Amino acid sequence: MSGAGGPMSPAGDPMSGAGGPVGAAQDPANSDTVLVRKGAYHDSVTLMRISGALTALPGVAAAMVAMGTELNLGILRDLGFSVPAADPGDLLIAVRAHDPGAAVEEAERLLSSVRPPDGGSAEQPPLTTGSAARGGADLVLVSTPGEHAFAEAQDAVRAGLPVMIFSDGVPVAQERLLKELAESTDVLVMGPDCGTAVIGGVGLGFANVLSPGPVGVVAASGTGAQQVTSLLDWAGTGVSHVLGVGGRDLSAEVGGLSTLRALRMLDDDPATELIVLVSKPPSPGVAAAVREAVGRLRTPVVPALLPETDLTEAAERALRTLGRPVPEWPSWPAWSGRQTRAKTIKGVYSGGTLGAEAATVAGQGEFVDYGDDAYTRGRAHPMIDPTLRVEALAQAHESELVLMDVVLGHGADPDPAASLAHAVARTPATVVIALVGTEGDPQDLHRQAAAFREAGAAVFTSNAQAARHARSLL
Amino acid sequence: MNLLSAHPSAGPRVITVGAGLLDEALRAQAVQTVPVSWRPPLPGTADALARVLADPRRQAANELAVSRLTSARPHLVGVRRAAEILPEGTFLHAGPPITWERASGPLRGALIGAMLLEELAGDERDAARKLAAGEVELRPCHEHATVGPMAGVVSPSMWVFEVRDEEHGGTAYCSLNEGLGKVLRYGAYGSEVLERLRWMDAVLGPALKATLERTGPVDLRSLIAQALQMGDELHNRNRAATSLLLRELAPAVVEAAPGDAAAVLRFVNGNDHFFLNPAMAAAKVSTDAARDVPGSSLVVAMARNGTDFGVQLSGLGGRWFTGPAGVPDGLYLGTYGPGDANPDIGDSTITETSGLGGFAMAASPAIVRFVGGEVSDAVRATRSMYEITLAEHPAYQIPGLGFRGTPVGIDVTLVARTGLLPVVNTGIAGRVAGTGQVGAGLVRPPVEAFTAALAALAEQAAE
Numbered sequence: 206m207s208g209a210g211g212p213m214s215p216a217g218d219p220m221s222g223a224g225g226p227v228g229a230a231q232d233p234a235n236s237d238t239v240l241v242r243k244g245a246y247h248d249s250v251t252l253m254r255i256s257g258a259l260t261a262l263p264g265v266a267a268a269m270v271a272m273g274t275e276l277n278l279g280i281l282r283d284l285g286f287s288v289p290a291a292d293p294g295d296l297l298i299a300v301r302a303h304d305p306g307a308a309v310e311e312a313e314r315l316l317s318s319v320r321p322p323d324g325g326s327a328e329q330p331p332l333t334t335g336s337a338a339r340g341g342a343d344l345v346l347v348s349t350p351g352e353h354a355f356a357e358a359q360d361a362v363r364a365g366l367p368v369m370i371f372s373d374g375v376p377v378a379q380e381r382l383l384k385e386l387a388e389s390t391d392v393l394v395m396g397p398d399c400g401t402a403v404i405g406g407v408g409l410g411f412a413n414v415l416s417p418g419p420v421g422v423v424a425a426s427g428t429g430a431q432q433v434t435s436l437l438d439w440a441g442t443g444v445s446h447v448l449g450v451g452g453r454d455l456s457a458e459v460g461g462l463s464t465l466r467a468l469r470m471l472d473d474d475p476a477t478e479l480i481v482l483v484s485k486p487p488s489p490g491v492a493a494a495v496r497e498a499v500g501r502l503r504t505p506v507v508p509a510l511l512p513e514t515d516l517t518e519a520a521e522r523a524l525r526t527l528g529r530p531v532p533e534w535p536s537w538p539a540w541s542g543r544q545t546r547a548k549t550i551k552g553v554y555s556g557g558t559l560g561a562e563a564a565t566v567a568g569q570g571e572f573v574d575y576g577d578d579a580y581t582r583g584r585a586h587p588m589i590d591p592t593l594r595v596e597a598l599a600q601a602h603e604s605e606l607v608l609m610d611v612v613l614g615h616g617a618d619p620d621p622a623a624s625l626a627h628a629v630a631r632t633p634a635t636v637v638i639a640l641v642g643t644e645g646d647p648q649d650l651h652r653q654a655a656a657f658r659e660a661g662a663a664v665f666t667s668n669a670q671a672a673r674h675a676r677s678l679l
Numbered sequence: 003m004n005l006l007s008a009h010p011s012a013g014p015r016v017i018t019v020g021a022g023l024l025d026e027a028l029r030a031q032a033v034q035t036v037p038v039s040w041r042p043p044l045p046g047t048a049d050a051l052a053r054v055l056a057d058p059r060r061q062a063a064n065e066l067a068v069s070r071l072t073s074a075r076p077h078l079v080g081v082r083r084a085a086e087i088l089p090e091g092t093f094l095h096a097g098p099p100i101t102w103e104r105a106s107g108p109l110r111g112a113l114i115g116a117m118l119l120e121e122l123a124g125d126e127r128d129a130a131r132k133l134a135a136g137e138v139e140l141r142p143c144h145e146h147a148t149v150g151p152m153a154g155v156v157s158p159s160m161w162v163f164e165v166r167d168e169e170h171g172g173t174a175y176c177s178l179n180e181g182l183g184k185v186l187r188y189g190a191y192g193s194e195v196l197e198r199l200r201w202m203d204a205v206l207g208p209a210l211k212a213t214l215e216r217t218g219p220v221d222l223r224s225l226i227a228q229a230l231q232m233g234d235e236l237h238n239r240n241r242a243a244t245s246l247l248l249r250e251l252a253p254a255v256v257e258a259a260p261g262d263a264a265a266v267l268r269f270v271n272g273n274d275h276f277f278l279n280p281a282m283a284a285a286k287v288s289t290d291a292a293r294d295v296p297g298s299s300l301v302v303a304m305a306r307n308g309t310d311f312g313v314q315l316s317g318l319g320g321r322w323f324t325g326p327a328g329v330p331d332g333l334y335l336g337t338y339g340p341g342d343a344n345p346d347i348g349d350s351t352i353t354e355t356s357g358l359g360g361f362a363m364a365a366s367p368a369i370v371r372f373v374g375g376e377v378s379d380a381v382r383a384t385r386s387m388y389e390i391t392l393a394e395h396p397a398y399q400i401p402g403l404g405f406r407g408t409p410v411g412i413d414v415t416l417v418a419r420t421g422l423l424p425v426v427n428t429g430i431a432g433r434v435a436g437t438g439q440v441g442a443g444l445v446r447p448p449v450e451a452f453t454a455a456l457a458a459l460a461e462q463a464a465e
């Protein structure tokens with residue numbers, strides 16, 4: 206299976222399309238059609254969905270609808286298509302099928318059904334963030350390919366609008382420039398590579414549905430923040446805001462500018478009674494600045510330094526600081542009957558922080574972060590596209606224990622159990638799942654938990670507990 | 003700190019740019035979104051864009067440059083014989099620098115006509131030979147504070163409008179308009195053409211000079227603002243502005259040149275494009291005010307010589323960045339067709355550079371059929387230009403857009419980011435020297451002129 210999907214930020218260039226299985230090229234009943242549409246741009250996620258729909262059609266051996274980037278042209282070539290000249294701004298429609306004409310027609314239908322960006326109004330849509338900002342706005346969410354994110358984010362900051370940069374691959378020098386500029390216009394820059402944020406109840410990026418409450422979160426890690434806030438939500442404690450700052454914010458180069466600003470903002474926010482600061486190891490100078498800033502805040506701060514503090518522990522400390530009881534974190538043991546023969550742990554993660562935490566807690570095993578660039582090149586983030594993890598489950602051995610995360614919320618796979626539970630049921634390996642989400646999430650957490658449990662997995666809402674359980678089974 | 007506290011009851015409005023999925027996730031939460039119709043920048047510009055956008059001078063430089071452009075107050079202060087402003091032995095021409103060898107038919111025709119007018123050659127062949135031998139130096143109008151429509155040829159015995167920017171003190175010149183059809187600027191040089199030019203030298207020029215001495219400076223900023231509200235876009239339609247100018251000047255013409263007044267007024271009245279040339283000088287003096295701001299990515303000139311389309315940026319002095327001039331797409335006079343058309347020519351794109359012409363199409367529903375299209379096309383053209391410009395003109399407004407200011411101040415970084423090229427209205431000259439005008443329409447500037455300018459700006463970007 207070649208990597209012929211379109212990556213979804215925050216990992217890699219999000220411009221490409223999905224492909225079908227390779228190897229069907231030999232079927233003599235198939236023929237190829239490749240079309241180039243000059244200047245017809247669609248984002249990769251939209252195109253991936255269309256590619257996926259085409260590939261699922263009967264009689265279609267391979268289909269790829271994607272922008273003409275070098276990467277995508279390379280994938281097309283690998284798939285055995287003869288590749289026409291195309292620019293990254295051109296749309297490619299490539300189909301290998303018994304009746305390619307019909308598949309192309311379906312591609313056209315799907316493309317034309319994509320909602321026009323202007324919502325169908327007579328007004329012409331803005332072409333840049335700066336143009337859109339002239340109409341007034343409260344916030345900007347940037348998820349272009351990383352190399353182009355700076356221009357849009359700079360427009361936002363210049364317009365005095367806070368910006369969340371979901372895109373990754375933004376050079377650190379540009380991050381520094383944006384955050385310096387934000388100092389002068391007094392706005393918050395979240396990210397780059399900021400996977401989640403919740404502002405006044407609005408979830409941005411991959412975001413769980415959280416009830417309003419007293420805890421404000423400043424987080425360098427998207428899935429780290431998702432774990433902490435999901436657990437708090439279980440404990441009946443909501444959040445005021447979740448502010449992502451990007452994984453490099455506390456580096457010497459960036460100097461913690463967004464962390465310091467986010468802390469001040471939450472300190473000034475009347476709804477925030479407690480701040481949880483989820484950070485990766487900071488550079489020493491920045492750590493001192495953050496400690497000093499924290500010392501000046503009126504609002505108490507619970508620091509959670511990864512990986513020393515596990516995320517569950519951070520949520521529990523927050524609850525204790527608020528004087529609230531710490532509940533049992535829900536879990537659903539595996540249906541008994543399957544005796545585990547597992548000897549080693551195989552970590553199959555979509556969240557980098559969650560994977561790192563699990564590896565630390567389990568203290569053994571081999572962990573793969575499928576959200577890493579290496580795996581999202583040419584395909585969507587594993588929180589959206591389960592393909593690679595389904596494959597990993599299929600390849601797992603009965604001597605292995607697969608420890609994996611399933612992250613729910615807006616932006617994520619609308620029904621992860623639909624594909625993954627089936628793979629869990631079929632794998633000979635023992636499976637332990639950390640299910641990160643809330644009861645309010647659109648995927649229906651209880652239904653997801655039940656499906657995974659029915660498929661034979663043990664399911665935990667605490668990733669740390671899942672990892673401990675995994676270790677105990679060996 | 004407004005982010006966390008100031009949520010109106012309607013909830014936040016979020017601009018989304020990039021993956022549609024994330025926009026959908028917001029709309030699933032009933033959040034109002036403003037999706038940007040984003041696409042990757044022009045091929046090959048990503049690195050230069052990153053460097054130019056990171057230049058710490060750019061923002062302030064552009065603000066300064068565009069504020070100078072939009073605050074200019076051009077006034078028509080007089081007319082002069084070009085001999086007073088031309089260096090010895092020099093003819094001016096439209097567009098970026100060009101040699102006789104590379105000159106297209108209409109430019110050659112106009113240069114031949116100028117040789118004959120100045121009596122520097124006995125006939126057409128003699129003129130062509132002397133021009134080829136370099137006996138006259140050819141320089142761009144733009145280098146001499148001048149602009150010229152179409153071939154833009156200015157020779158010593160032609161007259162030019164003198165326009166002064168009362169705000170910043172600059173001066174710009176533009177030739178007097180000869181009318182339509184067989185005229186020098188379209189490359190015609192027959193006897194009727196030369197006779198008209200001689201009359202303009204002997205009668206029209208002196209009469210206008212005396213007239214303007216009586217009227218004093220005419221406020222062109224105000225006149226252009228009024229004309230926009232009367233259906234002109236000041237490039238392909240100048241009927242309202244010409245009428246307004248005529249009304250302004252007529253009594254003084256009668257007083258200043260009683261013997262020639264009827265002929266002068268008839269000539270001006272007979273040419274709907276008479277005001278194009280003062281409009282161009284007004285545009286030139288305004289864009290010149292925006293020149294030479296280090297780090298600015300503002301376009302201060304777009305001009306064509308019939309072979310190349312050239313662009314200049316505020317931050318890059320007098321350097322030209324060129325690409326091949328395209329053949330306009332439009333309507334043709336009589337039996338002429340696209341095969342008769344010369345590639346794009348003229349300095350009149352200075353109107354678009356200053357927020358008029360194609361940029362103000364929405365003000366001029368009457369011309370859309372002339373350039374081939376519907377009224378909605380005109381509105382769309384103007385609206386799209388807001389995407390690549392830095393400001394809305396405070397005085398030049400479009401009634402049909404709720405008196406919104408015209409889009410003004412092309413930013414080359416926005417051209418690269420959006421892939422949108424300036425909309426240019428233009429006349430179409432005949433390919434063969436001596437033909438004259440064959441039509442009018444719209445032309446697409448070559449993208450490489452803009453990408454080359456951006457690349458050069460990147461080389462000079464401050465860290």
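Sequence order for the protein chains is S and H. Position one of the first sequence corresponds to residue 206 (the working numbering), numbered consecutively onward. Position one of the second sequence corresponds to residue 3 (the working numbering), numbered consecutively onward. No residue lacks a Cβ here, since even glycine has one placed at the ideal position from N, Cα and C. On a predicted model such as this, the values are computed, not experimentally measured, just so you know.
Around the beta carbon of Q670 (chain S), a 10 Å sphere encloses 16 or more other beta carbons of the protein chains shown; the residue is thus reported as buried. Looking at the DSSP output, W537 (chain S) sits in a beta bridge with S:V664. With fewer than three CB-CB distances shorter than 8 Å, the stretch 132-147 of chain H does not count as touching the stretch 205-216 of chain H. In the DSSP secondary-structure assignment, M282 (chain H) is not bridged to any residue.
A straight line joining the alpha-carbon of P89 (chain H) with that of V149 (chain H) spans about 16 Å. The Cβ of S39 (chain H) sits closer than 8 Å to at least one Cβ of chain S.
Excluding residues up to 5 positions away in sequence, A229, D234, D274, H275, F276, F277, L278 and A281 lie with their Cβ nearer than 8 Å to the Cβ of N240 (chain H) in the same chain.
If you draw a straight line from the Cα of L24 (chain H) to the Cα of G410 (chain S), it is about 6 Å long.
For A338 (chain S), the nearest beta carbon of chain H is closer than 8 Å to its own beta carbon.
If you draw a straight line from the Cα of R469 (chain S) to the Cα of G421 (chain H), it comes to about 40 Å. Three or more pairs of CB atoms, one per stretch, sit closer than 8 Å, so the stretch 361-370 of chain S contacts the stretch 392-402 of chain S. In the structure shown, P37 (chain H) falls within a strand segment according to DSSP collapsed to helix, strand and coil. Taking the C-beta atoms as reference points, P76 (chain H) is found nearer than 8 Å to V287 (chain H). When C-alpha distances from P151 (chain H) are compared across H:A454, H:I430 and H:P448, the shortest belongs to H:I430. Taking 9 Å as the upper bound on Cβ-Cβ separation, chain S lies near residues G13, P14, R15, V16, I17, T18, V19, G20, A21, G22, L23, L24, D25, E26, A27 and L28 of the stretch 11-29 of chain H. For E65 (chain H), no Cβ of chain S is located within less than 8 Å of the residue's own Cβ.
Only residues of its own chain outside the window of five on either side were considered, and among them Q439, V440 and G441 have a CB closer than 7 Å to the CB of L335 (chain H), listed in chain order. DSSP places K485 (chain S) outside any beta strand (DSSP E), giving it a letter other than H or E.
Residue pairing for M272 (chain S): DSSP places it in a beta bridge opposite S:L296. Linking L333 (chain H) to G443 (chain H) through their CA atoms gives a straight-line distance of about 6 Å. For E352 (chain S), the nearest CB of chain H lies under 8 Å from its own CB, placing it at the interface with that chain. Under DSSP, A402 (chain S) forms a beta bridge with S:L409. Listed in chain order, the beta strand (DSSP E) runs fully inside the stretch 431-462 of chain H are 439-445, counting runs of at least 3 residues. Beta bridge pairing from DSSP links H77 (chain H) with H:R166 and H:D221. For the stretch 364-386 of chain H, residues whose beta-carbon sits nearer than 8 Å to a beta-carbon of chain S comprise R382, R385 and S386.
Taking the Cα positions, S224 (chain H) is about 11 Å away from Q231 (chain H). Two segments are said to touch when three or more pairs of C-beta atoms, one from each, lie closer than 8 Å; by this definition the stretch 380-389 of chain S does not touch the stretch 401-415 of chain S. Only those residues of the stretch 418-430 of chain H whose C-beta falls short of 8 Å from the nearest C-beta of chain S are listed: R419, T420, G421 and L422. Within the same chain, Cβ atoms closer than 7 Å to the Cβ of H303 (chain S) are found at A234, N235 and G264, the five residues on either side in sequence being excluded.
In this structure, K485 (chain S) lies away from S555 (chain S), with their beta-carbon atoms at least 8 Å apart. Within 10 angstroms of the beta-carbon of D49 (chain H) lie fewer than 16 other beta-carbons, which makes it exposed. For the set H:E103, H:P14 and H:R110, the Cα lying nearest the Cα of Q34 (chain H) is the one of H:P14.
Neighbours of V407 (chain S) across chain H, judged by C-beta separation under 8 Å: G13, P14, V16, L28, Q31 and V33. By the 16-neighbour rule on beta-carbons within 10 angstroms, H144 (chain H) is buried.
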